[in-house]
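Here's the structure, in structure tokens; my notes come after.
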Amino acid sequence: MHQARIANVYLPHSAVIREVIVENSLIKTFVTQFLDQDVNASFSYQPGQFVMVSIPHHGEAPISISSTPTRPGEMHLSVRVCGHLTTALHELGPGAVIGMRGPYGRPFPLAGLAGKNLLFVAGGIGLAPLRSVINYALDQGEKYGKKTILYGSRRPSDIAFRSDLSVWQERPDVACHLTVDEAQPGWDGHVGVVTTLWEQAEISFRETVALLCGPPVMIKFVLADLRRMGFPDEAVITTMERHMKCGVGICGHCHMDKTLICTDGPVFSAAELAGLHVF
Amino acid sequence: MNDKYILKKEYLIPFLRKLAKAYRLVAPVRTAQGDIILDAVTSVDQACFDFSGQTQNSAKSFLFPQQEVLFTYENGEGHYTFTPVLKEEPTIFFGLRSCDLSAILYMDVTFLQGAKDIYYLKRRENAVLITLGCNEPQSNCFCNATKGGPFLELGYDLQLTDLGDRYFVEPDRVKGVGLIRRWPQFFLPASPEDGKAQYQISLEARGVFKRQVHMDIAIKKIKNEGVDDTIWSELSMRCQDCGGCAYICPTCTCFSITDRELAPGRGERIRTWDACTFSGFSRMAGGHNPVDRNQYAVQRRFLHKLFYDVEKHGRPSCVGCGRCVGMCFGGVDIIRFIELVRRGGVRTPGIP
């Protein structure tokens, strides 16, 4: 029976929501664990990968993993309310059981980043997959160089992942800069889109790899600026999303020209995206 | 494996009776309306072999059903469990055309080369494929241009060629050899003359294609020069968003997965055929669609078959069955696309 389950790529595993962290009015982080201890023991993932999440009667959707495998025992899914499934997921609380299968997709190329300075640029929910790789890098001690995090939100009240941000802001090996598009009373931080942080953050392309995730318009402008600063396309890495059904390279939905996001991505370098219909 | 046999036509029905006892038999059937379709037959008398051309449907739906339940689920307080639904049924496909066999070999790549799709795999493992080569290719056929027919060199379990009063029988895969070993009473060794007769017929068949489809030229031009945007916009404008081309196509395998609630505490997860030409195919939650439908509704479909798969697998994933030519009332079939690419653009108004 167990053998048969492993062989069927479409069968989810039952998983329980242990905790729900409200990140902002639209984003919640679901702390999950598989019900079957054997699955918990055998399930391993890398930053950048995603799982297909099932909710009864709502089908499945791909959700990127926002926790790091260096902190085993539970997996975090940070989800912004957007469509049917994410709306249904947001109604669930601790103790609710969902389905999960995976992990899928090509992760961030972490082995190749050793010794490099890491520049993370995120907008809104785009910090979810980067949170995984940021915490992964922080847990590896000296393996990576200087870590710079630039995080843009619409308004101060939209700033998500506050407990992570306060940890990052405290760490001496991390420079963490926040900005908002639109200030609210009480905000004395930076105002402006994330690309207005370059100067303050003292970005240099030397020995640096940039990892980006955010809305298409942010990616476009950040890519253009990084190119201007001298970043080669190979040193700019982003993660893509598409409508997806199978997650394993068969159903065809997540095509981006010749690539499938689920198996060729979701992580791509800017060099790999050149010439493709990205947005 | 290289032995060839003769199956006399008077032995065909007795042979099929044996097959039908041991397997579910899928064969061409003439419907009450006169259409020839591929269908499961309950009595071999229903099977129909005296027709030219192809069945209206391909074998796709027998290996990858238009709709199937992947698993059932039950959910409630603290539980959400999944029970796979997988019915195994040994099936003989008898009288498949070469294009449809070629399409199955292509589906094997899609469903089995990367992640293995167990639903397809089980049906495929349970399938025995007996083809009947095409002596008379029909008006929309162009398998000569795709190397998908009219006769094949390999991939079938048995290939039959109609030699008038007898069938020339070639086994390729072990399952085909097994059938001949199991029922040797129906088969005679083929003589060298039979072999020559088969060769003659396959040569003649290659000479009677009515359409000249320059697939190789189109594939080269797509790779080297790309496709003029006017071709995409013209064809996308003509596309009526019906999905007919993808449904009828023996190699189109895109699918959707949805839940069907049967009761508050249980339901089914269902897989259904989908089509990349549908406007909702790529639309994400929140409404953003990375594919501009007005301009590129049909781009995915044609480039997948004539460019991406050529790059990935060394061959196009169009087998030349011509069904989309008869299906599309907007005239957005693959032959028209190939012809537009060959000519290098759209001559508007009124492309011939």
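Sequence order for the protein chains is A and L. So for the first sequence, my numbering puts the first residue at 8; every next one is plus one. So for the second sequence, my numbering puts the first residue at 60; every next one is plus one. Idealized CB from N, CA, C, for every residue including glycine. Bear in mind that the values here come from a model prediction, so they are computed numbers and not experimental data.
Query                                                                                                                                                                            : Result
Taking Cβ to Cβ, would you say Gly112/A is nearer than 9 Å to Gly66/A?                                                                                                           : no
So which residues of chain A does Tyr82/L contact, with C-beta pairs closer than 8 Å?                                                                                            : None at all; the shortest Cβ gap to chain A is about 24 Å.
By the DSSP assignment, the beta strand (DSSP E) with Arg249/A in it spans what residues?                                                                                        : Where Arg249/A is concerned, there is no enclosing beta strand (DSSP E), given that its DSSP letter is neither H nor E.
Which same chain residues end up closer than 8 Å to Glu189/A when comparing Cβ atoms and leaving out the 5 residues on each side of it in sequence?                              : Arg161, Arg162, Val198
Is the closest heavy atom of the ligand GDP to the C-beta of Asn31/A under 8 Å?                                                                                                  : As far as ligands go, the structure on display features none, and thus does not contain the ligand GDP.
Assign Tyr143/A to one of three DSSP states: helix, strand, or coil.                                                                                                             : helix
Within its chain, find whatever has a CB closer than 6 Å to the CB of Ser261/L; leave out the 5 residues flanking it on each side and keep chain order.                          : Phe210
Touch check for the stretch 30-50 of chain A and the stretch 83-92 of chain A: three-plus C-beta pairs under 8 Å?                                                                : yes
Would DSSP call Leu238/L helix, strand or coil?                                                                                                                                  : helix
Against Phe268/L, what residues of chain A qualify as contacts under a CB-to-CB distance less than 8 Å, listed in chain order?                                                   : The premise fails here: Phe268/L is roughly 30 Å from chain A at the closest Cβ pair, so nothing lies under 8 Å.
Using a Cβ-Cβ cutoff of less than 7 Å, which residues in the same chain neighbour Phe396/L once the five nearest sequence positions on both sides are dropped?                   : Leu294, Phe361
Count the other CB atoms, across all protein chains shown, that sit within 10 Å of the CB of Glu127/L; report buried if there are 16 or more and exposed otherwise.              : buried
Considering only C-alpha positions, which residue in the set Gln197/L, Val228/L, Val391/L is nearest to Thr114/L?                                                                : Gln197/L
Going by beta-carbon coordinates alone, are His284/A and Val350/L separated by less than 9 Å?                                                                                    : yes
Taking Cβ positions, are Ser161/L and Gly208/L nearer each other than 9 Å?                                                                                                       : yes
Closer than 9 Å, CB to CB, is Val200/A near chain L or not?                                                                                                                      : no
Starting from Pro69/A, trace the alpha helix (DSSP H) both ways and give me its first and last residue.                                                                          : Here Pro69/A belongs to no alpha helix (DSSP H); instead the beta strand (DSSP E) covers 66-71.
Report the neighbours of Ser21/A on chain L: residues whose CB is nearer than 9 Å to its CB, in chain order.                                                                     : His138, Tyr139, Thr140, Phe141
Which residue from Phe110/L, Leu71/L, Ile65/L puts its Cα closest to that of Pro14/L?                                                                                            : With chain L running from 60 to 411 in the structure shown, residue 14/L is simply not present.
In this structure, does DSSP put Met343/L in helix, strand or coil?                                                                                                              : coil
Along the chain, where does the alpha helix (DSSP H) that runs through Asn353/L open and close?                                                                                  : 352-355
Going by alpha carbons, who is nearest to Leu84/L out of Lys68/L, Ser102/L, Thr90/L?                                                                                             : Ser102/L
Return yes when the Cβ of Lys154/A is within less than 9 Å of the Cβ of Phe115/A, no when it is not.                                                                             : no
When the distance is taken between beta carbons, is Val27/A closer than 9 Å to Val38/A?                                                                                          : yes
With a threshold of 16 other CB atoms inside 10 Å of the CB of Glu214/A, please say whether the residue is buried or exposed.                                                    : exposed
From what residue to what residue does the beta strand (DSSP E) around Cys200/L run?                                                                                             : Segment: none, Cys200/L is in no beta strand (DSSP E) and carries neither H nor E.
Can you find the residues in the same chain that come closer than 8 Å, C-beta to C-beta, to Tyr179/L, ignoring five residues on each side of it along the sequence?              : Leu122, Phe123, Met166, Phe170, Leu171
Do the stretch 262-272 of chain A and the stretch 320-330 of chain L meet, that is, are 3 or more Cβ pairs less than 8 Å apart?                                                  : no
When burial is assigned at 16 or more other CB atoms within 10 Å of the CB, is Gly409/L buried or exposed?                                                                       : For Gly409/L, the predicted model reports a pLDDT of 42, less than 50, meaning its position is unreliable; a value from the coordinates is still stated below. Exposed, since its Cβ has fewer than 16 Cβ neighbours within 10 Å.
Out of Gly389/L, Pro143/L, Lys119/L, Gly373/L, which one is the CA nearest neighbour of Cys301/L?                                                                                : Gly389/L
Can you give me the C-alpha to C-alpha distance between Val224/A and Thr317/L, rounded to a whole angstrom?                                                                      : 31 Å
Check the Cβ of Val260/A against every Cβ in chain L and list those closer than 9 Å, keeping chain order.                                                                        : A small correction: the amino acid at residue 260/A is His; Val does not occupy that position in the sequence shown. Cys313, Phe314, Ser315, Asp333, Cys335, Phe340, Ser341, listed in chain order.
Please give the ranges of any alpha helix (DSSP H) in the stretch 202-280 of chain A, keeping only runs that are unbroken, at least 4 residues long and fully inside the region. : 205-208, 223-236, 268-271, 277-280
Starting from the N-terminal side, write out each stretch of the alpha helix (DSSP H) that is 4 residues or longer and does not extend beyond the stretch 152-193 of chain L.    : 157-171, 177-184
According to DSSP, what are the bridge partners of Ile28/A?                                                                                                                      : Thr36/A
Which class does Thr77/A belong to by DSSP, given the choice of helix, strand or coil?                                                                                           : coil
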